[in-house]
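Read through the structure below, which is laid out as structure tokens, and then see the notes.
Protein chains: 2
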Amino acid sequence: MANFTEIATQFTEFYYNQFDTDRKQLAALYRDTSMLTFESSSVAGAAGIVEKLSSLPFEKVKHAVSTLDAQPAPNDGIMILVTGALLVDEEQRPMNYTQAFQLLPDGAGSFFIFNDIFKLVYGA
Amino acid sequence: MANFTEIATQFTEFYYNQFDTDRKQLAALYRDTSMLTFESSSVAGAAGIVEKLSSLPFEKVKHAVSTLDAQPAPNDGIMILVTGALLVDEEQRPMNYTQAFQLLPDGAGSFFIFNDIFKLVYGA
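Line order of the protein sequences matches chains D and Y.
Quick note on numbering: the UniProt record's numbering labels position 100 of the first sequence as 100, and the sequence is numbered without any gaps.
Quick note on numbering: the UniProt record's numbering labels position 93 of the second sequence as 93, and the sequence is numbered without any gaps.
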């Protein structure tokens with residue numbers, strides 16, 4: 001396997017750039033077997049996932065990644081844990097979030113998202 | 001597979017109880033193939049992982065889980081994302097953290113930790 005940290009970093013940059021530019025285009029990163037849990041609400045399959053992401057109640061969003069850690073996972077997968085902050089619409093206060101991804105090889109030299117869990121983090 | 005959310009909840013309760021009581025005993029939850037990334041420092045194998053956890057510079061620790069989300073993962077595994085807060089020693093201010101686990105079946109009806117990524121979360 002290529003350098004998993006490098007792949008994880010490239011993937012994460014691409015994912016959030018795409019999310020913040022046009023999140024409908026994220027469909028290409030998921031498959032029919034993919035799962036998303038967004039603020040404890042779960043959907044499966046690329047179509048359902050993108051419908052969920054598209055329906056989120058904001059127009060503009062900007063993610064800023066603070067930390068990224070990656071590990072090799074079974075089946076030549078990659079597990080990623082991101083922490084960061086995001087700003088939506090005209091809101092001035094960033095919200096902290098954490099997001100865990102499991103990427104799997106797509107058989108064509110790239111990776112797709114199998115597991116995706118997103119959660120806002122509130123102060124203790 | 002049994003209910004993955006139920007297994008994830010039971011596992012997480014057991015893990016943090018054990019961590020807060022006697023973290024050396026966590027060895028039983030890891031295997032030689034397991035990986036831990038703790039605040040971006042990585043170790044592999046049950047022995048190395050428990051040595052790392054045991055060497056953390058606090059005596060007393062108490063985790064409080066705020067949220068837990070789980071998804072089925074490849075190979076009958078379970079992926080878990082936890083957010084929570086922890087208190088160490090006589091410190092009065094809790095620290096926020098996030099932790100992602102990937103559990104795999106151990107072939108004997110239970111699960112072990114394959115991937116474990118822990119990260120403190122600081123305010124945006």
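C-beta: ideal position from N, C-alpha, C; glycine also.
query, result
"Excluding the 5 residues flanking M1 of chain D on each side, which residues of the same chain have their C-beta closer than 7 Å to its C-beta?", "Confidence at M1 of chain D is low in this model, with a pLDDT of 46, below 50, so the placement of that residue is unreliable and no value is reported for it."
"Can you give the Cα-Cα distance for K52 of chain D and P74 of chain Y, rounded to whole angstroms?", "23 Å"
"Counting only C-beta atoms, is F112 of chain Y closer than 7 Å to chain D at any point?", "no"
"Restricting to Cα atoms, I'd like to know which of Y:G123, Y:L103 and Y:F11 is closest to V65 of chain Y.", "Y:F11"
"Go ahead and pull the three-state DSSP assignment for Q25 of chain D.", "helix"
"Quick one: list the residues of chain Y neighbouring D76 of chain D, beta-carbon separation under 9 Å, in chain order.", "Per Cβ cutoff of 9 Å: no residues; D76 of chain D is ~10 Å from chain Y at best."
"What does the alpha-carbon distance come out to for the pair I49 of chain D and G107 of chain D?", "21 Å"
"What would DSSP say about F58 of chain Y, mapped onto helix, strand or coil?", "coil"
"Comparing C-alpha positions only, which one of Y:L103, Y:P105, Y:T98 and Y:F111 sits nearest to S40 of chain Y?", "Y:T98"
"Assuming F114 of chain D and T33 of chain D form a contact by the criterion Cβ under 8 Å, report the distance between their Cβ atoms to the nearest whole angstrom.", "7 Å"
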